[in-house]
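Letter by letter, the sequence shown follows residues 1288 to 1577 in the working numbering. By construction, the Cβ of each residue, glycine as well, lies at the ideal position given by its N, Cα and C atoms.
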Amino acid sequence: MPGFPPKYLIMLCSFFNKRLPSLFIYGAFYTGIVIMLLSAGGCNHAPETDKGFFNGTSLRGWSAADTSYWSVIDGAIVGHSAHEVKQNEFLWSDAEVTDFYLSVDVKLEPNDGNAGVQFRSRKLPESGQAVGYQADVGKNVWGRLYHEHDRTYIDWPDEGEKAVRPGDWNHYEILAVGDRIWTAINGVVSVAVKDPLGEKWGRIAVQIHSGPPITAHYRFNKLVHHPKIELAGLNEKQLEEKLRTPLNPPQGTMPGSRKLKLEDNDVVVFTGGTNIADFRKTGYLETLLI
């Protein structure tokens, strides 16, 4: 439906799906609205590849607070700085996404730098900073799900990190449908989270993190709106079985069901993980029990 904001379409579809039987008794007015939505394919989208997302030769359709960090080299978007980066820098796509599948090859130099792909995110107007989901890139964070400038850790598994080829191209996939989000690195599923209170629409951006000199290459392969639910050779049922609750729900909300029931005087021991000391300081480990 050209020109119809995706977020309102989702709300309308949800409303009509729940109230459709009773709406018909109120006459032709409501019937006309339902027919209009259905004829536009509003509630039953087929997968659609976004051919205008990135043209492979220029930054047309993309914008940044400081464009000096960004260029296109050999078909990839490159974020680069030979000097210290004072703040996180983002390059924003004009495209909005709701349910989508994104395939991108990423190379980070050096691997102990930090970068990422924002999605379902919003841009702060004055600074160009991002608020929303980030598929993380960098040593000890590859394939994990962070929430930039708000909820921090959302899903923090090790599988993506174990599949990475440091200093080389890595195939990164993101699949988000409704409140379910998955990522995969080089064909290995990493993030698998059901986040009912998280964002359902927003923009895509790429990042280079503040800190030492860095070069991040993003070679986009495909953006598909309203995709089939399949990833890394797994079907929807298999992906559903991997879903976890988010580590940090939005402020003012309650977390999901506890993963572990503790009794008085029980002792919990955390083992393993190269950065376990840092996690202990931030309180991240404790969130694993919630």
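**Item:** Residue from HIS1370, ILE1441, THR1344, SER1350 with nearest C-alpha to LEU1484
**Value:** The residue you call residue 1484 lines up with position 197 of the sequence shown. Checking every option, the nearest Cα to that of LEU1484 belongs to ILE1441.
**Message:** I believe VAL1451 touches HIS1436 by the beta-carbon criterion, under 8 Å. Please report the beta-carbon distance rounded to the nearest angstrom.
**Reply:** Indexing the sequence shown from 1 puts residue 1451 at position 164. Indexing the sequence shown from 1 puts residue 1436 at position 149. That pair is no contact at about 25 Å.
**Message:** Taking DSSP's pairing of strands, which residues face ILE1461 in a bridge?
**Reply:** Here residue 1461 corresponds to residue number 174 of the sequence shown, with the count starting at 1. Per DSSP, LEU1389, THR1470.
**Message:** Between which two residues does the alpha helix (DSSP H) holding GLU1448 run?
**Reply:** Within the sequence shown, the letter at position 161 stands for residue 1448. Per DSSP, GLU1448 belongs to the alpha helix (DSSP H) from 1446 to 1450.
**Prompt:** Excluding sequence positions up to five away, which residues of its chain have a Cβ less than 7 Å from the Cβ of ASN1375?
**Reply:** Working through the sequence shown from its first residue, we reach residue 1375 at position 88. The residues are GLN1416, GLN1494, HIS1496, SER1497.
**Request:** Please confirm if the segment 1504 to 1517 is in contact with the segment 1346 to 1364, defined as three or more CB-CB distances below 8 Å between the two stretches.
**Result:** yes
**Item:** Which residues DSSP lists as bridging ASP1442, in chain order
**Value:** Looking up residue 1442 in the sequence shown gives position 155. Bridge partners of ASP1442: LEU1432.
**Item:** Residues near ILE1320 in its chain [Cβ-Cβ closer than 6 Å; skip 5 each side]
**Value:** What you label residue 1320 is simply residue 33 of the sequence shown in a count that begins at 1. Unreliable positioning characterises ILE1320 in this predicted model, as indicated by a pLDDT of 47, which lies under 50. The coordinate reading is nonetheless provided below. Excluding sequence neighbours, ILE1320 sits near nothing in its chain.
**Asked** ASP1522: buried (16+ other C-beta within 10 angstroms of its C-beta) or exposed?
**Response** For this step, residue 1522 is matched to residue 235 along the sequence shown. As written in the sequence, residue 1522 is Asn, which differs from the Asp given in the question. So ASN1522 counts as exposed.
**Item:** LEU1432 versus LEU1395: straight-line alpha-carbon distance, rounded
**Value:** Residue numbering aside, residue 1432 sits at position 145 when the sequence shown is read from its first letter. Residue numbering aside, residue 1395 sits at position 108 when the sequence shown is read from its first letter. Between LEU1432 and LEU1395, the C-alpha separation is close to 17 Å.
**Asked** Out of GLU1446, LEU1389, PRO1397, PRO1453, which has the shortest C-alpha to C-alpha gap to PRO1334?
**Response** Counting from one through the sequence shown, the residue named residue 1334 turns up at place 47. Nearest C-alpha to PRO1334: LEU1389.
**Item:** For LEU1526, the three-state DSSP class (helix, strand or coil)
**Value:** Residue numbering aside, residue 1526 sits at position 239 when the sequence shown is read from its first letter. Note: LEU1526 maps to helix in three-state DSSP.
**Request:** Out of GLN1405, LYS1410, VAL1393, point me to the one whose CA is closest to GLY1425's CA.
**Result:** The residue labelled residue 1425 in the question sits at position 138 within the sequence shown. Of the candidates GLN1405, LYS1410, VAL1393, the one whose C-alpha sits nearest the C-alpha of GLY1425 is VAL1393.
**Request:** Find the nearest neighbour of ARG1407 within the set SER1350, VAL1384, TRP1349, judged by alpha-carbon distance.
**Result:** For the purposes of this step, residue 1407 is identified with residue 120 of the sequence shown, where counting begins at 1. When each option's Cα is compared against that of ARG1407, the closest is VAL1384.
**Asked** On the three-state DSSP scale, how would you describe SER1355?
**Response** The residue labelled residue 1355 in the question sits at position 68 within the sequence shown. Helix, per DSSP.
**Request:** Would you tell me roughly how many angstroms separate the C-alpha atoms of LYS1486 and GLY1520, rounded to the nearest one?
**Result:** Within the sequence shown, residue 1486 is the residue found at index 199, counting from 1. Within the sequence shown, residue 1520 is the residue found at index 233, counting from 1. According to the sequence provided, residue 1486 is Glu. The question's Lys does not apply to it. Cα to Cα, the separation comes out at about 26 Å.
**Item:** Own chain partners of VAL1478 with C-beta closer than 7 Å, once the 5 adjacent residues on each side are dropped
**Value:** Residue 1478 sits at position 191 when you count from the first residue of the sequence shown. Counting only Cβ-Cβ distances below 7 Å, and skipping sequence neighbours, we find GLY1430, ARG1431, LEU1432, ASP1442, PRO1444, ILE1468, TRP1469, THR1470.
**Through-space distance from PRO1536 to VAL1475, alpha-carbon basis** = Counted from its first residue, the sequence shown places residue 1475 at position 188. Counted from its first residue, the sequence shown places residue 1536 at position 249. One C-alpha to the other measures close to 25 Å.
**Message:** Let me make sure I understand the geometry here. Which of ALA1382, HIS1367, PRO1533 has the alpha-carbon closest to that of ARG1347?
**Reply:** Translated into positions along the sequence shown, residue 1347 becomes position 60. Answer by Cα proximity: ALA1382.
**Item:** Cutoff 8 Å: TRP1469 Cβ touching any chain E Cβ
**Value:** Checking the listed chains, one finds no chain E in this structure; it contains a single protein chain.
**Asked** Just the Cα atoms here: how many angstroms apart are TRP1488 and GLY1339?
**Response** Along the sequence shown, read from residue 1 onward, the residue named residue 1488 stands at position 201. Along the sequence shown, read from residue 1 onward, the residue named residue 1339 stands at position 52. Approximately 18 Å between the Cα atoms of the pair.
**DSSP-derived helix/strand/coil call for HIS1332** = Reading the sequence shown from its first residue, position 45 is the one you call residue 1332. Here HIS1332 sits in coil by DSSP.
**Buried or exposed by the 16-neighbour rule on C-beta atoms within 10 Å, applied to LYS1449** = The count along the sequence shown starts at 1 and reaches residue 1449 at position 162. Burial call: exposed.
**Request:** Go to ALA1503, then tell me how far its beta strand (DSSP E) extends in each direction, as first and last residue.
**Result:** By 1-based counting over the sequence shown, the position of residue 1503 is 216. Taken as a continuous stretch (DSSP letters only), the beta strand (DSSP E) holding ALA1503 covers 1501 to 1512.
**Prompt:** Got a sec, what are the start and stop residues for the beta strand (DSSP E) ARG1409 sits in?
**Reply:** Here residue 1409 corresponds to residue number 122 of the sequence shown, with the count starting at 1. Residues 1401 to 1410.
**Message:** On the DSSP letters alone, give me the boundaries of the beta strand (DSSP E) that ARG1490 sits inside.
**Reply:** Reading the sequence shown from its first residue, position 203 is the one you call residue 1490. Note, ARG1490: beta strand (DSSP E), 1489 to 1495.
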